[in-house]
Amino acid sequence: VSFVSRLGKSVVAQVRLFNRPDMVIGPHGANLANIIWCKRGTPVLEYVPAQTGNMCYYQTAAKVDLQYRIILTDNPMDKTPTVPVEEVVRHVRDVYDRWKAAGSG
Numbered sequence: 001v002s003f004v005s006r007l008g009k010s011v012v013a014q015v016r017l018f019n020r021p022d023m024v025i026g027p028h029g030a031n032l033a034n035i036i037w038c039k040r041g042t043p044v045l046e047y048v049p050a051q052t053g054n055m056c057y058y059q060t061a062a063k064v065d066l067q068y069r070i071i072l073t074d075n076p077m078d079k080t081p082t083v084p085v086e087e088v089v090r091h092v093r094d095v096y097d098r099w100k101a102a103g104s105g
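Quick note on the UniProt record's numbering: the sequence shown kicks off at 1 and runs consecutively.
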């Protein structure tokens, strides 16, 4: 698990950053636009305030053949998101189990 920020990174560095991970987890926002650089099939877990209704990263993930997952949060867009850890863990375990069952592990 790595926690990264794209701030201050060149476009080339951002492409490399998003082309490497086995899974991307992040809040709804412009940073997720970089999922277009992920390898085909990469799982993406986005947490989104339920009231936004903006599914743009689902559509992006579908266009570039990524495995999109979503957690809806109760937080307003202008507040720091609170994400239920157990829900994140459930998604990560499911991704790992599927990866292992496919013979990748």
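Note that the Cβ used here is the ideal one computed from N, Cα and C, for glycine as well. Because the structure is a prediction, the values reported are computed rather than measured.
In DSSP terms, what Thr73 is bridged to: Pro49
Rounded straight-line distance, which links the Cα of Leu45 to that of residue 124: What the structure shows of the chain is the stretch from 1 to 105, and residue 124 is not part of that stretch, so it cannot be assessed.
Among Val92, Val83, Arg20, the one whose alpha carbon lies nearest that of Cys28: The sequence as given places His at residue 28; Cys does not occur at that position. Checking every option, the nearest Cα to that of His28 belongs to Val83.
Identified DSSP bridge partners for Val24: DSSP links Val24 through a beta bridge to Val44.
C-alpha gap between Pro81 and Ala13, whole angstroms: 27 angstroms
For Thr52, the nearest candidate out of Met77, Arg20, Gly26 (CA to CA): Met77
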